[in-house]
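**Student:** Dropping a structure here in structure tokens format, bear with me for questions.
In our numbering, the protein residues as written are 55 to 371.
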């Protein structure tokens, strides 16, 4: 599975095209869709601000870099240790595949938080007596987000019990041919994510279906493309529903309501989703990825140039 995942990296069309559109929007200053308003749709919050001392940029950059280094080193060390203990072959793919990534990331996050706290205490950017009250404020600000994620998890469990993903797969599968297989797998993965609320559940459902369809249609060599279609479709689905954990966490970080966050990005997502669908169809009929990327990027740029409008943010009074 790890080999297929690494081989699929060049074909993650939706991910790369979304990043491309992000830069296009940033440089052009134009947007299409719901109006931007900085006040009307923000989350309610306590207006009292904590007055900090000499806050420096390295209070953020050093912990951030430490988190990345901790994660990379932790993955390699833990994966190597597990393989050595079990007497398995030590290769790069095996090391990364056997490493407990979630545990490493959690430990890295804790380490980076403690490092940031130590740096701020050293420079007297925060008073020791403020640590617990400010931490408690942070926990309270995440409470609403946690509830949404918990309820979304419950929705995912209900969808699994109702076999929603299997039903969608069963409806679409009879109409699949080898040429349109990547595009339809991409769409199927998106629909199941919308139905269940979690990208991981759709990947777990669609990935085996995609592999079996590839074998049945005699296109086993396209498995890396299908893997990318499954993952890309799952990610795109989470960008159009307000109850996905990605949307909830992003909107919370920006202090926006999840529904408003979706309204502002829905047309951007539809454009990238349409472009990626075209790209996966072109891959299915035999076009090279080196040609698919320029075609889809030009399509995005053309639509943005024709229909995007000035993206100046409005401020409600």
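Glycine is no exception: its CB is placed at the ideal position from the N, C-alpha and C atoms. Keep in mind the model is a prediction, meaning the values are calculated, not measured.
Start and end of the alpha helix (DSSP H) containing residue 318?
**Tutor:** Here residue 318 refers to the residue found at position 264 of the chain shown. Looking at the DSSP string, the run of the alpha helix (DSSP H) that includes residue 318 is 312 to 338.
**Student:** Excluding the 5 residues preceding and the 5 following residue 61 in the sequence, name in chain order all residues of the same chain whose CB lies nearer than 6 Å to its CB.
**Tutor:** Your numbering for residue 61 matches position 7 in the chain shown. Cβ neighbours of residue 61 beyond the five flanking positions: 278.
**Student:** Specify, as a first and last residue, the run of the alpha helix (DSSP H) that residue 69 falls within.
**Tutor:** Working through the chain shown from its first residue, we reach residue 69 at position 15. Its alpha helix (DSSP H) spans residues 67 to 82.
**Student:** Are the CB atoms of residue 67 and residue 318 within a distance shorter than 8 Å?
**Tutor:** Within the chain shown, residue 318 is the residue found at index 264, counting from 1. Within the chain shown, residue 67 is the residue found at index 13, counting from 1. No, Cβ-Cβ distance for residue 318 and residue 67 is not below 8 Å.
**Student:** Against chain C, with Cβ distances strictly below 8 Å, would residue 357 count as a contact?
**Tutor:** Annotation note: the requested chain C is absent from the structure, which comprises a single protein chain.
**Student:** Helix or strand or just coil, what does DSSP make of residue 177?
**Tutor:** Numbered from its first residue, the chain shown carries residue 177 at position 123. In this structure, residue 177 counts as coil in the three-state DSSP scheme.
**Student:** Using DSSP bridges, identify the partner residues of residue 85.
**Tutor:** Taking the first residue of the chain shown as 1, we reach residue 85 at position 31. The partner list for residue 85 (beta bridge, DSSP) reads 363.
**Student:** Run through DSSP, which three-state label would residue 109 get?
**Tutor:** Here the question's residue 109 lines up with position 55 in the chain shown. Residue state, collapsed to three classes: coil.
**Student:** Spatial neighbours of residue 118 within its chain, please: CB distance less than 8 Å, with the 5 preceding and 5 following residues excluded, ordered by chain position.
**Tutor:** The residue you call residue 118 lines up with position 64 of the chain shown. So the qualifying residues of the chain are 166.
**Student:** I want to know whether the stretch 72 to 87 touches the stretch 357 to 365 - three or more CB-CB distances under 8 Å.
**Tutor:** With a cut-off of 8 Å, the stretch 357 to 365 and the stretch 72 to 87 count as touching, because enough Cβ pairs lie within range.
**Student:** What is the DSSP secondary structure of residue 299, counted as helix, strand or coil?
**Tutor:** Locating residue 299 in the chain shown gives position 245, counting from the first residue. In the structure shown, residue 299 sits in a helix (DSSP, three-state: H, G or I).
**Student:** Using the rule of at least 16 other Cβ atoms within 10 Å of the residue's Cβ for burial, across every protein chain shown, is residue 187 buried or exposed?
**Tutor:** Counted from its first residue, the chain shown places residue 187 at position 133. It counts as exposed.
**Student:** Got a sec, what are the start and stop residues for the alpha helix (DSSP H) residue 394 sits in?
**Tutor:** Since the displayed the chain opens at 55 and closes at 371, residue 394 lies outside it and no answer follows.
**Student:** Where in the stretch 108 to 176 do unbroken runs of the beta strand (DSSP E), each at least 3 residues long, occur, reported from the N-terminal end onward?
**Tutor:** Counting only runs of 3 or more, we get nothing.
**Student:** Would DSSP call residue 308 helix, strand or coil?
**Tutor:** Counted from its first residue, the chain shown places residue 308 at position 254. Residue 308 falls in the coil class under three-state DSSP.
**Student:** Helix, strand or coil, according to DSSP, for residue 358 in the structure here?
**Tutor:** Here the question's residue 358 lines up with position 304 in the chain shown. Here residue 358 sits in helix by DSSP.
**Student:** With C-beta atoms as the reference, is residue 332 less than 8 Å away from residue 284?
**Tutor:** Within the chain shown, the letter at position 278 stands for residue 332. Within the chain shown, the letter at position 230 stands for residue 284. Cβ atoms of residue 332 and residue 284: not closer than 8 Å.
**Student:** Which of the three DSSP states, helix, strand or coil, is assigned to residue 270?
**Tutor:** By 1-based counting over the chain shown, the position of residue 270 is 216. Helix, per DSSP.
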